[in-house]
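Residue numbering for the sequence shown follows numbering that gives the first Met the number 0, beginning at 0 and increasing consecutively.
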Amino acid sequence: MPTAAAWHDAWSPADGGRRARELFARAFGDEAGPAGVWSAPGRVNLIGEHTDYNAGLCLPTALPHRTYVALRPRPDDVVRLASAQADGLWEADLADVGPTAAGVTGWGAYLAGVAWALREAGHAVGGFDAAVDSCVPFGASLSSSAALESAVAVALDDVHGLGLGGTVAGRSRLVEACVRAENDVAGAATGGLDQSASLLCRAGEALLLDFRPGLPPEEHAVPLPWDLASAGLVLLAVDTRAPHRLVDGQYAARRASCERAAALLGLGSLRELGPGSLEDALDALTPHDPDDVLRRRVRHVVTETARTADVVDLVRAGAYAQVGPLMTGSHVSLRDDFEVTVPELDLAVVASLAAGALGARMTGGGFGGSTLALVRAGDVDAVVAEVRGAFADAGLAAPAFLLAPPSAPAGRTD
């Protein structure tokens with residue numbers, strides 16, 4: 000790695016656990032300490048963007064970068080939280096947490112929201128003290144919020160003996176609680192991809208997620224081998240430093256457009272459209288779509304799900320290098336049809352390809368954040384240098400980089 004580049008390094012589990020325990024001791028000032036430390040990974044989505052809430056396909060892997068939570072249950076319903084990434088204590092009572100609780104705001108709503116959602120699902124969960132530290136880059140489209148929710152979910156599952164963390168079916172229920180926390184309490188209209196990746200992805204694997212409603216867990220989440228090293232390849236993530244926000248209305252607007260298009264077509268979801276019926280559907284939308292917005296949104300969703308299915312076939316065949324053009328096609332669709340890229344994302348993709356990347360695309364919800372590049376291991380330095388140079392020439396802040404080998408799911412660290 001060139002020393003001039005900024006790299007986001009992942010902590011070892013021992014280091015992450017130590018950091019969380021030390022923060023807990025400083026924040027809560029007693030000798031009892033936490034009941035344990037739990038952690039959960041961020042994620043990169045290899046392909047399948049804005050398809051989760053359209054009942055489509057996604058293909059994420061878990062990052063080695065994790066959020067660590069030292070947690071101790073309380074005998075009451077008070078939630079007290081400390082974070083190395085925020086000043087002061089965040090405090091609330093679970094009685095005040097919920098979708099109409101306008102007074103429960105800020106980063107703590109993601110954690111308290113998980114406890115609230117588990118209660119809503121019928122589980123006996125009470126208050127807790129928790130200290131959080133994380134090496135998942137914040138605001139980089141790498142699911143720092145889902146890592147936070149998932150770490151708390153497995154912690155609460157353990158300390159209250161809910162018995163959900165030991166099976167895929169149980170973890171799927173934890174996913175549901177995390178999604179409710181983010182949608183209903185934190186107010187971000189995300190679809191479930193991120194929480195599924197953090198709780199269900201496994202080391203050495205990608206995870207094919209099929210979001211059609213009603214599927215059993217083993218069909219909703221299918222592990223696939225993801226062994227880029229065998230092909231001499233790596234996955235390079237570029238944190239463009241462009242601010243990434245999902246609660247400013249843009250993400251929700253895209254989701255609303257997809258739902259409106261499906262309703263106009265008389266469909267339960269856009270997943271019911273295949274590539275063969277796409278043109279007829281676009282024609283049917285024309286009278287309702289003077290600005291061509293709905294048609295472009297639909298075209299992205301349908302073609303993105305098809306691209307994801309094609310990538311799955313290539314991965315199963317071990318043809319990893321052939322995934323690259325499909326990644327690039329995904330980015331073009333997200334840029335032109337779904338309109339969720341920003342200049343920094345487009346620049347990182349163009350520069351990565353110019354330096355020899357086999358494919359590149361934005362990852363996450365868009366409107367900032369990170370890109371992914373499929374790169375020959377020997378070309379990493381060249382891609383990093385090209386991207387850094389392109390950002391410097393454009394007068395932009397220097398990006399940061401990380402390598403993304405698939406890592407372990409949320410669980411207890413010590």
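By construction, the Cβ of each residue, glycine as well, lies at the ideal position given by its N, Cα and C atoms.
- Secondary structure note for H219: its alpha helix (DSSP H) is the uninterrupted segment 216 to 219.
- Look at F210 here: in three-state DSSP terms it is coil, with no helix or strand label.
- Under DSSP, L402 forms a beta bridge with L235.
- L227 counts as buried, since no fewer than 16 other beta carbons sit within 10 angstroms of its beta carbon.
- The beta carbon of G126 sits closer than 7 angstroms to the beta carbons of R73, D75, D76, V77, V78, L93 from its chain, once the five residues preceding and following it are set aside; these are given in chain order.
- If you draw a 10 Å sphere on the C-beta of R25, you find fewer than 16 other C-beta atoms in it, and that means exposed.
- Its Cα nearest to that of A376, the residue G231 stands out among G231, L277, N44.
- Under the three-pair Cβ rule at 8 angstroms, the region 84 to 93 does not count as touching the region 31 to 44.
- Each residue's CA atom was taken as its position, placing D336 and R296 some 6 angstroms apart.
- Counting along the chain, W37 sits inside the beta strand (DSSP E) bounded by residues 35 to 46.
- Judged by DSSP secondary structure, C57 falls within the beta strand (DSSP E) whose first and last residues are 56 to 72.
- Under the three-state reduction of DSSP, A202 is assigned to coil, being neither helix nor strand.
- In the DSSP assignment, the residues bridged to L88 are A81.
- Residue range 292 to 315 is occupied by the alpha helix (DSSP H) that includes L313.
- If you draw a straight line from the Cα of L402 to the Cα of A260, it is about 38 angstroms long.
- The residue from S229, T66, G213, L22 with its alpha-carbon nearest to that of L110 is T66.
- For W6, the beta-bridge partners assigned by DSSP are F400.
- The straight-line gap separating the alpha-carbon atoms of H49 and H287 is approximately 22 angstroms.
- T285 is classed as exposed because its beta carbon has fewer than 16 other beta carbons within 10 Å across all chains shown.
- Look at T104 here: in three-state DSSP terms it is coil, with no helix or strand label.
- Around G190, the same chain offers D51, Y52 as residues with beta carbons nearer than 6 angstroms, after the five sequence neighbours per side are excluded.
- Of the candidates A236, V237, V292, W225, V292 places its Cα closest to the Cα of A255.
- By the beta-carbon neighbour count (other beta carbons within 10 angstroms, threshold 16), P274 is exposed.
- Residue pairing for S369: DSSP places it in a beta bridge opposite D238, T362.
- The C-alpha of A391 lies about 48 angstroms from the C-alpha of D157.
- Under the criterion of beta carbons closer than 8 angstroms, A13 and A69 do not qualify as touching, at roughly 14 angstroms.
- S143 has no beta-bridge partner at all, per DSSP.
- Between the C-alpha atoms of V331 and G364 there is a straight-line separation of about 14 angstroms.
- DSSP, read as helix, strand or coil, puts F337 in coil.
- Here the C-alpha atom of L357 lies approximately 26 angstroms from the C-alpha atom of A407.
- Distance check between A180 and each of A145, D29, L208 places A145 closest, using alpha-carbon atoms only.
- Pairing R172 with A120 gives a Cβ-Cβ distance under 8 angstroms.
- If the five residues before and after F23 are omitted, its C-beta is found closer than 6 angstroms to the C-beta atoms of P33, A69, A130, all from its own chain and listed in chain order.
- In this structure V153 touches R411 by the C-beta definition: roughly 7 angstroms separates them, less than 8 angstroms.
- Within the same chain, Cβ atoms closer than 6 angstroms to the Cβ of G203 are found at P405, the five residues on either side in sequence being excluded.
- The alpha-carbon of S133 is positioned some 43 angstroms away from that of L277.
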